[in-house]
Every structure is written in structure tokens, then in C-alpha cells.
Amino acid sequence: MRNLAIVFALAWVLGAAVAAGGAPIVVPVDSGQSTITVTLTATLSGIGASDSSTSRVAGYSSVKLQPIPLSTSIAIYDFRFEAIDQINLDLVFRLGFITLGRFTAVSRPPPDHIVLFDAMPGVALPPSPIHAGGSFTYMDVPTLRSGLIDYTATGIVCTLLQQQNPPQPCNGTQSLADGITRFETYSGLVSISPARVATLVIDVNNSGPIDPSNPDLGTLSIVGTVRGSVDIPLRGDANLDGTIDGRDAQAFVSTFLNPSGFDWRHRFAIDLNDDDAFDSADVSAFVDCILGLGCPD
């Protein structure tokens with residue numbers, strides 16, 4: 003009862019406060035089930051060449067699913083997909099059996115590895131509907147990429163690089179951080195089990211010149227599938243112990259007063275009306291919840 007008294011005593015003060023921050027679900031990428039394939043394609047003097055290399059993926063997706071557990075919409079707040087294995091590309095330009103030139107490229111290890119990430123992290127995109135079976139298609143996802151690739155060019159490829167204005171070296175490093183926001187379409191699947199385990203699958207598709215200032219160098223595409231699962235806390239379970247009772251009061255107050263000091267699970271648990279703000283509506287809903295008058299989802 004002492005914990006309940008804490009909530010009631012502070013309800014008036016807390017109710018006057020409004021803290022924004024959002025409480026989306028953060029789904030870590032399962033690297034054992036997630037891969038991307040990087041493909042470089044180029045055509046020089048009418049001769050085409052292409053090569054691909056695959057890597058496991060690390061990172062996360064930050065999304066809001068509404069309602070829980072039978073979600074009908076998904077909103078993307080943030081994502082970061084990192085290639086954790088080395089990418090090796092070898093383009094050979096041939097005329098018949100004659101090799102005219104070659105372009106080899108190798109990605110750098112972390113922290114300069116290949117990464118796809120949200121161009122507007124923390125800003126919720128408009129919700130996209132979840133269809134029967136859990137499928138969704140998300141249009142116009144603003145995506146940036148980064149990473150360094152060391153390359154070596156020989157033959158006609160080297161000649162072409164030297165003819166650029168300004169001339170480019172035949173051995174060098176190319177940054178993928180071109181600052182160009184590409185609006186991509188990501189499709190996927192989402193499900194929430196009876197035990198409140200959310201599983202998210204996203205099909206990634208990103209494509210553009212490896213060097214926008216030298217488009218003849220080739221087009222780099224990054225496609226793949228990332229998967230992950232995470233437990234969703236109960237609304238009102240502020241101390242994350244799996245039950246909702248008076249013992250959650252102190253954790254509720256602490257998180258309410260400093261939401262940025264706690265991880266997404268704590269913020270999710272106290273944003274009882276799921277409006278990305280921590281205010282009097284959450285205080286009232288929390289009091290009702292621990293008094294047994296009903297809890298959201």
C-alpha cells in the first residue's frame with residue numbers, strides 16, 4: 003500500500019508533466035537468420051560485368067505495432083542493418099576469351115563496414131497496414147548507407163577512372179556514405195505469439211551508384227532478409243517482473259520522471275495509452291491498472 007500511496011501522492015504533480023520520447027518496440031536482428039547480398043554491376047564500352055557477395059547481418063528495427071497482440075498496422079521509427087562479414091567483389095570485363103579489365107572491391111571491417119540505416123531515426127513514418135497472414139509493404143522508407151570499400155582497377159577500368167574529371171586513382175578507397183537519401187520499399191512479415199513474442203521479418207532492397215559523381219563505376223545493390231524476435235512487456239509492468247501490482251509504482255515514477263534514462267521496455271510499459279508521450283493519461287491508466295480496474299493490451 004505504501005507504493006500505491008507514492009503514486010497517488012505524485013499523480014497530481016506528474017500529471018502536469020508531459021515528456022515525449024516514444025515507446026516503440028526494438029527488435030534485435032538475429033544474425034544467424036539474416037543475410038544481405040551486395041551486388042556490383044557495371045558496363046564499360048558496351049561490356050558488362052557483375053559480381054555478388056553475401057554477409058550476415060547485425061542491428062535492430064524499432065517499430066510500433068498496433069494494437070497488441072492482434073496488430074493491424076506497423077510504423078517504422080528506426081532501423082540499422084550492418085554487414086558483419088567481409089564483402090568481396092571481383093568484376094572481370096571480357097571480350098570473348100580476352101580479359102580487357104578488372105575491378106576488385108573489398109569492404110572494410112567495423113567501424114567502416116557496410117551499413118544501411120534510417121535517414122530520420124526516431125521519427126515515426128506513417129503507419130502501414132498489416133494484411134492477413136502478417137504481411138506488409140512499406141513504401142518510401144528513407145534510407146542512408148555508409149561504409150568504405152577498397153578497390154583495385156586494371157585495364158579499361160583503370161583507363162576509364164583516369165579519364166574522369168577529376169581523374170580517379172586506379173587503386174583507392176570509395177565511401178558509400180554519399181549522403182543521398184534513397185526512398186525504398188521494404189516488405190515483410192510480422193507476428194505476435196500468445197506469449198507476446200513479436201517476430202519481425204523485413205526484406206531489404208537498396209540500390210544506387212557506388213559513386214554518384216562517377217556513375218560509370220557501377221551500380222551497387224544491397225538486398226536481403228533480416229529477422230528478429232523480442233518479448234513485449236505488459237503495459238503497466240514498470241519493473242518488468244511479469245506481473246502488474248503495487249511493486250511497479252516506484253519503477254513507474256522513476257521512468258516517468260526520466261524516460262530517456264531507461265530502455266525501450268520500461269518506456270513501453272509506462273506509456274499505457276501508446277501515444278508516445280508520458281503524461282497524466284498514463285498516470286490515470288496506471289492507477290486503474292494496479293487497482294485491478296483494467297490494463298491496456
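The opening residue of the sequence shown carries number 3 in the working numbering; numbering runs sequentially from there.
Virtual Cβ for every residue (Gly too), placed ideally from N, Cα, C.
Tell me the DSSP bridge mates of D233? V199
Going by the beta-carbon positions, is the gap between G220 and L178 smaller than 8 Å? No Cβ-Cβ contact shorter than 8 Å links G220 with L178.
Answer yes if the region 189-208 comes into contact with the region 135-150, meaning at least three C-beta pairs across the two stretches below 8 Å, and no otherwise. yes
Given this structure, state the Cα-to-Cα distance separating V232 from A200, to the nearest angstrom. 5 Å
Considering only the beta carbon of each residue, do G174 and Y153 sit closer than 8 Å? yes
Simplified DSSP assignment, three categories, for R147: Here R147 sits in strand by DSSP.
D213 beta carbon near the ligand HEM (any heavy atom closer than 7 Å): The ligand HEM is not part of this structure, which contains no ligands at all.
Within this structure, are the beta carbons of F258 and F280 separated by less than 8 Å? yes
What does DSSP give as the partner residues of A283 in its beta bridges? None, per the DSSP bridge assignment.
Apart from the five residues on each side of it in sequence, which residues of its chain come closer than 7 Å, Cβ to Cβ, to P30? Y62, G230 and V232
What's the C-alpha gap between I304 and P128? The structure shown does not extend to residue 304, since the chain is modelled only from 3 to 299, so the question has no answer here.
Closer than 6 Å by C-beta to L91: which residues in its own chain qualify, once you throw out the five before and the five after it? Chain order, please. L42, D53, S55 and A107
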